[in-house]
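In what follows, a structure is listed as structure tokens, so that the remarks can point back to it.
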Amino acid sequence: MAKETPKKKTAVNRKLIAGVTLLVALVLTVVFIWLGLSGRQMDNQGLYKLLPWLPTTSETSNWRQALVPGAGLGDTKVFTFAPSTEESPAQADFDKAINVLVKRLNDLGWTDTAVEVKDGNLVVTLPSGADTTYLNTLLSAKGDFTFTDPAGAVFMTGDNVTQASFGYADQSGTNFALSLLFDAVGKEAFGQKSIELAGQNITLMRDGVVIVSPGISDPITQGQVSIPGFTLESARENAVLLRSGALPFALTAQGEGVSAAPLLGSNVQKTLILALTVVFVLVALYFLITYRLGGLISVWVLLLQLGLSWFFAGLIGAGFTVLTLSAIFVAFILTVFVIIRLYAHLSQEVRSGRSLRQTLKDAYAGHGHAGLDALAGLLLVAVVLIIMNLGMISIFSELFALTLLIALVLTQLLLRVLLNETIHLFGGTASLYTATSSKKEA
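Each residue of the sequence shown is one higher than the one before, starting from 1022 at the first, in my numbering.
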């Protein structure tokens, strides 16, 4: 005769599994946050380090190496560039020069900078952590590109280049190629010259200096060309200059950079970190008071979201900038509302006397699914903006898409698992998860 499995033993085993699951998740979270605050030396010699990535007000923390502060929120260096012209340029030329310099800086990932006209010069404010030697060279170059035939006659200019990129030219790893896409005029001009000059060279010049003179073996009439013979640095530099367009005049750096305070104020970094910490604490208190044990789980998830968002911001080199803060905390606020919407439904159903476990399952099919739709929809919009390549909007969208993806995983998977295991371990008593007792308890 078959024996009935003892229900009590099964319940105890399930509680043990839930307890172990929550304990492991908690330990991993604590280790992750601890590493985010302190970093870790990866070898005995100290050559390899995991830098801390969670912003704090400490002046001795190395998190600023992982998240380099932009000019708005961190120490800066101010550089002055004088126009290399006999007469003072017109305001229209200054406006064009500012636009070109901003494009070059943004192209290199420095979005939190400032370029302005002052006393007939261009004043550029850069983060103190920027490679200013390289940037000064890039900013002062006029960037006037021309394509010439063997006789030196110009048949097209950099204005006919619509896209410029670079990549490996061969398997050596040291030879890079500059890839160019031409407009209709450039396509026609380059195609015609490649036919006329078969077996000869076409020269690419920048500011009157020969960069490269590749040989033409076959006609190139598709409107795009790949030119080898560059180092990584020169290929990147010329691609940036081609994408930004030429300055209306060359610039000359006036001395060394002058150290200065952040653009938004000397204490803005510390004030901002403290303010955002207060926001998190207030959100945490709201969840703990309103949803009790469920609120504790939500605070756990929100802390992980911020930790992961800052980790990936450091990993992709986003820096500590206004754009980075905006992307991370807009996603954080959206996550808060998604969780509140889910919990509000749970509380309403539990107060009416329904089983919390069944309510959780139904909630993810209803209100939880609405949160999934909202986050997924915004993620799709962010991806579209990235593809459209709209400058600073696309830069914001890259990190925003990443933080939305983190929010999706945490709210739709981790939060559900943690809540489910918590219910198994502590039970589904309504008073543990909402400040208002259920009808059955009343």
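Backbone N, C-alpha and C define an ideal beta-carbon position, used for all residues, glycine too.
(1) Spatial neighbours of TRP1331 within its chain, please: CB distance less than 8 angstroms, with the 5 preceding and 5 following residues excluded, ordered by chain position.
(2) Check TYR1385 in the structure and name its three-state DSSP category.
(3) Take the Cβ of GLY1286 as the centre, count every other Cβ of all protein chains shown within 10 Å, and call the residue buried at 16 or more, exposed below.
(4) Comparing the C-beta of ASP1394 with each C-beta of chain D, is any distance below 8 angstroms?
(5) Report, in whole angstroms, the separation of the C-beta atoms of ALA1428 and ALA1352, which I expect to be a contact under 8 angstroms.
(6) For GLU1107, name the three-state secondary structure that DSSP assigns.
(7) Tell me whether GLU1137 sits in a helix, a strand or coil according to DSSP, three-state version.
(8) Do the region 1126–1134 and the region 1255–1275 meet, that is, are 3 or more Cβ pairs less than 8 angstroms apart?
(9) Compare the Cα-Cα distances from TRP1424 to each of GLN1369, GLU1217 and GLY1328 and report the closest residue.
(10) What is the rounded straight-line gap between the Cα of LEU1439 and the Cα of VAL1289?
(11) Is the distance from the Cβ of HIS1445 to the Cβ of ARG1035 below 8 angstroms?
(12) Which class does ILE1416 belong to by DSSP, given the choice of helix, strand or coil?
(13) Taking only the alpha-carbon atoms, compute the straight-line gap between THR1153 and TYR1189 and give it to the nearest angstrom.
(14) Do LEU1225 and ILE1232 have their CB atoms nearer than 8 angstroms?
(15) DSSP beta-bridge partners for PHE1166?
(16) Give me whichever residues DSSP pairs with ASN1120 in a beta bridge.
(17) Give the C-beta separation of THR1178 and PHE1187 to the nearest angstrom, bearing in mind that I take them to be a contact with Cβ-Cβ under 8 angstroms.
(18) In this structure, does DSSP put PHE1270 in helix, strand or coil?
(19) Going straight from the alpha carbon of GLY1276 to that of VAL1302, what length do you get?
(20) Is ILE1349 helix, strand or coil by DSSP?
(21) Does the separation of the CB atoms of GLY1093 and THR1342 fall below 8 angstroms?
(22) When the distance is taken between beta carbons, is ASN1142 closer than 8 angstroms to ALA1103?
(23) Buried or exposed: where does ILE1310 fall if 16 or more other Cβ atoms within 10 Å of its Cβ makes it buried?
(24) Taking DSSP as the reference, what is the three-state secondary structure of TYR1189?
(25) I believe LEU1272 touches SER1105 by the beta-carbon criterion, under 8 angstroms. Please report the beta-carbon distance rounded to the nearest angstrom.
(26) Given THR1443, which residues of its chain have a CB within under 8 angstroms of its CB, disregarding the five upstream and five downstream residues?
(27) Taking 8 angstroms as the threshold (C-beta atoms), are VAL1182 and LEU1263 in contact?
(28) In the DSSP assignment, what residue or residues form a beta bridge with GLY1212?
(29) Between which two residues does the beta strand (DSSP E) holding LEU1202 run?
(30) In chain order, what residues of the same chain have a beta carbon less than 6 angstroms from the beta carbon of GLN1086, not counting five sequence neighbours either side?
(31) So who's on the other strand from LYS1098, going by DSSP bridges?
(32) For the 8 angstroms Cβ check, are there 3 or more pairs between the region 1195–1204 and the region 1243–1254?
(33) Counting only the same chain and skipping the five closest in sequence on each side, list residues whose C-beta sits under 8 angstroms from that of VAL1404.
(34) Tell me the rounded alpha-carbon separation between GLN1243 and ILE1237.
(35) For GLY1236, which beta-bridge partners are listed by DSSP?
(36) Could you name the residues of the same chain whose beta carbon sits closer than 7 angstroms to that of THR1345, not counting the 5 residues immediately before and after it, in chain order?
So, from the listed chains and residues:
(1) Taking the sequence shown and counting its residues from 1, one reaches residue 1331 at position 310. Here the set comprises GLY1057, TRP1074, LEU1075, PRO1076, LEU1088 and ILE1349.
(2) One-based indexing of the sequence shown puts residue 1385 at position 364. DSSP places TYR1385 in helix when its eight states are reduced to three.
(3) Along the sequence shown, one-based indexing puts residue 1286 at 265. Exposed.
(4) Among the protein chains of the structure shown there is no chain D, as only one such chain exists.
(5) Working through the sequence shown from its first residue, we reach residue 1428 at position 407. Working through the sequence shown from its first residue, we reach residue 1352 at position 331. Their Cβ separation, rounded to whole angstroms, is 5 angstroms, which keeps ALA1428 and ALA1352 in contact under 8 angstroms.
(6) Here residue 1107 refers to the residue found at position 86 when the sequence shown is read from its first residue. Correct three-state label for GLU1107: coil.
(7) Taking the first residue of the sequence shown as position 1, residue 1137 is located at position 116. Note: GLU1137 maps to strand in three-state DSSP.
(8) yes
(9) Residue 1424 sits at position 403 when you count from the first residue of the sequence shown. Here residue 1424 turns out to be Thr, not Trp, going by the sequence shown. Of the candidates GLN1369, GLU1217 and GLY1328, the one whose C-alpha sits nearest the C-alpha of THR1424 is GLY1328.
(10) In the sequence shown, residue 1439 corresponds to position 418, counting from 1. In the sequence shown, residue 1289 corresponds to position 268, counting from 1. Straight-line Cα distance between these residues: approximately 37 angstroms.
(11) Within the sequence shown, residue 1445 is the residue found at index 424, counting from 1. Within the sequence shown, residue 1035 is the residue found at index 14, counting from 1. For HIS1445 and ARG1035, yes; Cβs fall inside 8 angstroms.
(12) To locate residue 1416, count along the sequence shown from 1; it is residue 395. It is helical.
(13) As a position in the sequence shown, residue 1153 is number 132, starting the count at 1. As a position in the sequence shown, residue 1189 is number 168, starting the count at 1. Between THR1153 and TYR1189, the C-alpha separation is close to 26 angstroms.
(14) Residue mapping note: residue 1225 aligns to position 204 of the sequence shown, counting from 1. Residue mapping note: residue 1232 aligns to position 211 of the sequence shown, counting from 1. Closer than 8 angstroms, so yes.
(15) Counting from 1 along the sequence shown, the entry for residue 1166 is found at position 145. According to DSSP, which records beta bridges pairwise, PHE1166 is partnered with ARG1227.
(16) In the sequence shown, the residue the question calls residue 1120 occupies position 99. According to DSSP, ASN1120 bridges with nothing at all.
(17) Indexing the sequence shown from 1 puts residue 1178 at position 157. Indexing the sequence shown from 1 puts residue 1187 at position 166. That pair is no contact at about 20 angstroms.
(18) For this step, residue 1270 is matched to residue 249 along the sequence shown. If DSSP states are grouped into helix, strand and coil, PHE1270 belongs with coil.
(19) As a working note, residue 1276 is residue 255 in the sequence shown. As a working note, residue 1302 is residue 281 in the sequence shown. Computed Cα separation, rounded: 47 angstroms.
(20) Within the sequence shown, numbered from 1, the residue matching residue 1349 stands at position 328. Helix.
(21) Mapped onto the sequence shown, residue 1093 falls at position 72. Mapped onto the sequence shown, residue 1342 falls at position 321. Cβ distance < 8 angstroms, so GLY1093 and THR1342 count as in contact.
(22) For the purposes of this step, residue 1103 is identified with residue 82 of the sequence shown, where counting begins at 1. For the purposes of this step, residue 1142 is identified with residue 121 of the sequence shown, where counting begins at 1. Result yes, Cβ atoms of ALA1103 and ASN1142 sit closer than 8 angstroms.
(23) Start at 1 with the first residue of the sequence shown, and residue 1310 comes out as number 289. Its Cβ having fewer than 16 others within 10 Å, ILE1310 is exposed.
(24) Against the sequence shown, residue 1189 aligns to sequence position 168. Three-state DSSP puts TYR1189 in a strand.
(25) Counting from one through the sequence shown, the residue named residue 1272 turns up at place 251. Counting from one through the sequence shown, the residue named residue 1105 turns up at place 84. Right, the Cβ-Cβ distance comes to about 6 angstroms (below 8 angstroms), so this counts as a contact.
(26) If you number the sequence shown from 1, residue 1443 lands on position 422. Excluding residues within five positions, the ones whose Cβ falls inside 8 angstroms are ALA1039, LEU1043, LEU1314, GLY1315 and ILE1318.
(27) Translated into the one-based positions of the sequence shown, residue 1263 becomes position 242. Translated into the one-based positions of the sequence shown, residue 1182 becomes position 161. Yes, they are a contact pair.
(28) Sequence index remark: in the sequence shown, residue 1212 carries index 191 (1-based). DSSP lists no partner for GLY1212.
(29) Translated into positions along the sequence shown, residue 1202 becomes position 181. Where LEU1202 is concerned, the enclosing beta strand (DSSP E) stretches over 1197–1203.
(30) For the purposes of this step, residue 1086 is identified with residue 65 of the sequence shown, where counting begins at 1. Hits under 6 angstroms: LEU1072.
(31) Here residue 1098 refers to the residue found at position 77 when the sequence shown is read from its first residue. LYS1098 is bridged to LEU1147 and SER1280.
(32) yes
(33) Walking along the sequence shown from the start, residue 1404 turns up at place 383. Here the set comprises SER1418 and ALA1422.
(34) By 1-based counting over the sequence shown, the position of residue 1243 is 222. By 1-based counting over the sequence shown, the position of residue 1237 is 216. Answer to the nearest angstrom: the Cα atoms are 14 angstroms apart.
(35) Working through the sequence shown from its first residue, we reach residue 1236 at position 215. GLY1236 is bridged to ASN1222.
(36) On the sequence shown, residue 1345 is found 324 positions in, with the first residue counted as 1. Closer than 7 angstroms at Cβ, skipping near neighbours: ALA1334, ALA1339 and LEU1420.
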